[in-house]
Amino acid sequence: MAENNEILFSIITAVYNNEVLVKSAIQSVLNQSYKNFEYIIVDDGSTDRTPEILDDIAKSDERIKVIHQKNQWIFASFNTGILNSKGEYVFIVNSDDTMTPGTLERVAKVAKKYNPDIIFSQITQHLCDEEQNIIKEDLNGYSKMVLKEEFLSNQDEFHNKWIDLIKKRYVSNNINFYKRSLAERHLYRNDNYMGDRFFNNEIARYAKTAYILGDFICYNHFVYESERNASRKYYDYSHIIGNEIYEDFKSMLEEWNIDSEENIRSVCEKRIEDLTYEYRLLKAANCPLGENEKIAYMISGSLDDTVMECVERTGDFENLQARILSGIREMLLIEELKKEDSMYFVQKMLESLLRYEKDEDDYLYIKNGVYNEKNPYKIGEVFYKKLVN
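Sequential numbering from -13 applies to the sequence shown in the working numbering.
Set out below in structure tokens:
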């Protein structure tokens, strides 16, 4: 029996056709040492055995509430969970991820002592197979990208920490604890796969206090080789959304009067960094673009006014070129171009740039690639000039 003064958490899981892995997610919640929580599981119109599995599990624990709805997509399902919750804080657990043991007990102590609007936590990200067997641990080193444990006791302190939270990717996902009173007034957008980023920005606009958990990791995020994650699929609007997030970040800095050149440079660097993610999505199985179209997009189509504004403000064209060439290289490792392909000159340029001992032909391939009319931003020029000077 929970004591009257114990914090009630609302844990929310949205699930669609995930009969294999959802049990692991659920068990990671039910195994928490802190017991005062409600667990809302939203079945988003599943057509496999998921609904039956959820209903059976719910019979064994009165804290579980299963909601069945017509398919509306993941962020609408999160909203359903939030609007049906009663806890002081809400926390999202994806149906193919797990919560770290001891998380609720750790967070409850913070919530009771400080009562922050947001409790920020970091994740570990693992590459795994379809049965959640780990192939590579801590895939992107997120568990090491931590800020010191700290209570941000007012809006000024919180706002001044915002850039650091962006840099360390605390606001790139929704693996944080949010006051339900805030979350239910600022629900998720359901029109794009980066709804969690916009959610974090919107909540932050109204939050007055926050707590950073330091090196305590609350969450295991699994990246599946099969690209089952929504964030590993190709979306033709990815670039537009990336620009929109950048503009939103910039607006927040202006609203909070922290739009120093250094801070704006930081969000510009983040926009350029996110291009690498965009380029990797071009390798997704559902991407309809051909290899030549993908390369043309990387060396030209993705470099719109917003991106070039960021490059100008950072003054780091080399970083941009390196990301583009790296993206092309990753793609060509899967399938090389043929001589007759329109972007074959890029492949030859890249091969020559990467060759340790270069001959005259290599320098010619690089020069011709850099100054080809189909390469309007002269991608590769930074490295070519280093070679010839």
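Ideal Cβ placement from N, Cα and C applies to all residues, glycine included.
- Around the beta carbon of ILE320, fewer than 16 other beta carbons lie within 10 angstroms, which makes this residue exposed.
- At a Cβ-Cβ threshold of 7 Å, SER10 and THR84 count as neighbours.
- Between ILE285 and ASN361, the gap from beta carbon to beta carbon is short of 7 Å.
- Between the segment 180 to 197 and the segment 229 to 236, the count of C-beta pairs closer than 8 Å reaches three or more; the two stretches touch.
- Membership of ALA62 in the alpha helix (DSSP H) is indicated by the continuous run 60 to 69.
- Between the alpha carbons of ASP30 and GLN333 lies a distance of about 44 Å.
- By the 16-neighbour rule on beta-carbons within 10 angstroms, VAL28 is buried.
- With contacts defined by Cβ atoms closer than 7 Å, ASN22 and LEU40 do not form a contacting pair.
- Taking C-beta atoms under 8 Å as the contact rule, LEU168 and ASP103 qualify, at a distance of about 6 Å.
- It is roughly 23 Å from the alpha-carbon of TYR156 to the alpha-carbon of VAL293.
- Around the beta carbon of ARG166, 16 or more other beta carbons sit within 10 angstroms, so the residue counts as buried.
- Taking C-alpha positions only, ASP345 is separated from MET131 by approximately 42 Å.
- The closest CA to that of ASN178, considering only TRP59, ARG341 and LEU323, is found on TRP59.
- Within the DSSP secondary-structure output, LEU239 pairs in no beta bridge.
- In the structure shown, LYS51 falls within a strand segment according to DSSP collapsed to helix, strand and coil.
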